[in-house]
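Chemist: Before I ask anything, here is the structure I am working with.
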Amino acid sequence: MNAARAHLLEPLRTDRQTLARIEAQDSGNIRLLRVDDDEMFAAIQTFVRLLGEKREAALDDTIRALVDALGPVQMKDIEASVLMDNARLRREYLEEVETLSSEEVHALSGRSSRNTAETASRWVREGKVFAVKAGRALRLPVFQFADGQPRPEIARILAALPEYQRHGWPAAFWFASGHGYLGCAPQDALADPARAGDVVEAARQTGGVRG
Numbered sequence: 107m108n109a110a111r112a113h114l115l116e117p118l119r120t121d122r123q124t125l126a127r128i129e130a131q132d133s134g135n136i137r138l139l140r141v142d143d144d145e146m147f148a149a150i151q152t153f154v155r156l157l158g159e160k161r162e163a164a165l166d167d168t169i170r171a172l173v174d175a176l177g178p179v180q181m182k183d184i185e186a187s188v189l190m191d192n193a194r195l196r197r198e199y200l201e202e203v204e205t206l207s208s209e210e211v212h213a214l215s216g217r218s219s220r221n222t223a224e225t226a227s228r229w230v231r232e233g234k235v236f237a238v239k240a241g242r243a244l245r246l247p248v249f250q251f252a253d254g255q256p257r258p259e260i261a262r263i264l265a266a267l268p269e270y271q272r273h274g275w276p277a278a279f280w281f282a283s284g285h286g287y288l289g290c291a292p293q294d295a296l297a298d299p300a301r302a303g304d305v306v307e308a309a310r311q312t313g314g315v316r317g
């Protein structure tokens, strides 16, 4: 606790009006209260709970008022801004992360079937790799493959992630974003095969499960 923001009071001999005044004068500070009276302690607990409820209600009112004030036109502008940001992030990802087309995946796999899109589509369906949409085409990040085949750890990582992050752009952004447990982005950690287990554990933590 920051000592500059904490105060120690003598045993309280006060009422709720005094407590309210303390709160008004020291909003944002932390006070350590030593209370010897059980009834006063209960009163303080009730006061703090009610104050929290009041603040939460005020925040909800503020958010509703903001939405009403913005109106449909401004909300559409906000939605458009979010879409633009998302499009920019996708473009940057494709510029920075090496990817393969479905045809390239098929060729590297050594398969001879005429349907050059089938191999990548099947591996994505089976959860062995993920792909992102770039226009109408699929792009598959290179780090998922070794010797033309899906790296086995990719399937384990995807399975450990929350359902919504196992596919497409959510998966891509998870692999490309820094992770505190790893100290780097998961896709960078995978450059060292010995860290594959660490990346699986990072995925479990993302899903709220610890190994």
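Take 107 as the starting number for the sequence shown in my numbering and just add one per residue.
Even glycine gets a Cβ: it sits at the ideal position worked out from N, Cα and C.
Values in this document were obtained by computation on a predicted structure and should not be read as measured data.
1) Verify whether the separation of the beta carbon atoms of A278 and F249 is less than 8 Å.
2) Identify which residue in S219, V230, R217, R245 has its Cα closest to the Cα of R197.
3) Based on the DSSP secondary-structure assignment, which residues constitute the bridge partners of L206?
4) Quick check: does the Cβ of Q271 come within less than 7 Å of any heavy atom belonging to the ligand MG?
5) Pair every Cβ in the region 269-283 with every Cβ in the region 220-229, then say whether three or more of these pairs are closer than 8 Å.
6) Are A266 and V203 touching if we call contact CB-CB under 8 Å?
7) Measure the CB-CB distance between R262 and V306 and report whether it falls below 8 Å.
8) Looking only at DSSP bridge pairs, what is K239 linked to?
9) Buried or exposed for A308, going by 16 or more other Cβ atoms inside 10 Å?
10) When we look at the beta-carbon of A297 and count the other beta-carbons within 10 Å, is it buried (16 or more) or exposed?
11) To the nearest angstrom, how far is it from the Cα of M199 to the Cα of P299?
12) Using DSSP with H/G/I as helix, E/B as strand and the rest coil, what is A295?
13) Going by beta-carbon coordinates alone, are G254 and S218 separated by less than 8 Å?
14) On a CA-only basis, which of P247, N192, D304 is nearest K234? Give me that one, please.
15) Roughly how many angstroms separate the alpha carbons of M190 and L288, rounded to a whole number?
16) Taking all protein chains shown into account, do 16 or more other C-beta atoms lie within 10 angstroms of the C-beta of V211, making it buried, or fewer, making it exposed?
17) What are the start and end residues of the alpha helix (DSSP H) that includes S227?
18) For a test of the three-state rule: what should DSSP assign to P256, helix, strand or coil?
19) Taking the straight line between their C-alpha atoms, what separation do you get for R194 and P268?
Modeler: To lay it out plainly:
1) Looking up residue 278 in the sequence shown gives position 172. Looking up residue 249 in the sequence shown gives position 143. In this structure, F249 does not lie closer than 8 Å to A278 by Cβ.
2) Mapped onto the sequence shown, residue 197 falls at position 91. The shortest Cα separation from R197 among S219, V230, R217, R245 belongs to R245.
3) Along the sequence shown, one-based indexing puts residue 206 at 100. Partner(s): L246.
4) This structure simply doesn't include the ligand MG, nor any ligand for that matter.
5) no
6) On the sequence shown, position 160 is the one that residue 266 refers to. On the sequence shown, position 97 is the one that residue 203 refers to. Contact: no.
7) In the sequence shown, the residue the question calls residue 262 occupies position 156. In the sequence shown, the residue the question calls residue 306 occupies position 200. Yes, the pair counts as a contact, with Cβ atoms nearer than the cut-off.
8) On the sequence shown, residue 239 is found 133 positions in, with the first residue counted as 1. Answer is L244.
9) Locating residue 308 in the sequence shown gives position 202, where the first residue counts as 1. When all chains shown are included, A308 counts as buried.
10) Position 191 of the sequence shown, counted from the start, is the residue given in the question as residue 297. Counting Cβ neighbours within 10 Å, A297 comes out exposed, since fewer than 16 surround it.
11) As a position in the sequence shown, residue 199 is number 93, starting the count at 1. As a position in the sequence shown, residue 299 is number 193, starting the count at 1. Correcting the residue type first, residue 199 is Tyr in the shown sequence and not Met. Answer to the nearest angstrom: the Cα atoms are 23 Å apart.
12) For the purposes of this step, residue 295 is taken as residue 189 along the sequence shown, with counting starting at 1. Three-state DSSP puts A295 in a helix.
13) Translated into positions along the sequence shown, residue 254 becomes position 148. Translated into positions along the sequence shown, residue 218 becomes position 112. Cβ atoms of G254 and S218: not closer than 8 Å.
14) Indexing the sequence shown from 1 puts residue 234 at position 128. For K234, the nearest C-alpha among the options comes from P247.
15) The residue you call residue 190 lines up with position 84 of the sequence shown. The residue you call residue 288 lines up with position 182 of the sequence shown. Near 30 Å, if we compare the C-alpha coordinates of L288 and M190.
16) To locate residue 211, count along the sequence shown from 1; it is residue 105. Buried, because 16 or more other Cβ atoms sit within 10 Å of the Cβ of V211.
17) As a first step, residue 227 must be located in the sequence shown, where it is residue number 121. First-last of the alpha helix (DSSP H) with S227: 224-231.
18) Reading the sequence shown from its first residue, position 150 is the one you call residue 256. P256: strand per DSSP, three-state reduction.
19) For the purposes of this step, residue 194 is taken as the residue at position 88 of the sequence shown. For the purposes of this step, residue 268 is taken as the residue at position 162 of the sequence shown. Near 24 Å, if we compare the C-alpha coordinates of P268 and R194.
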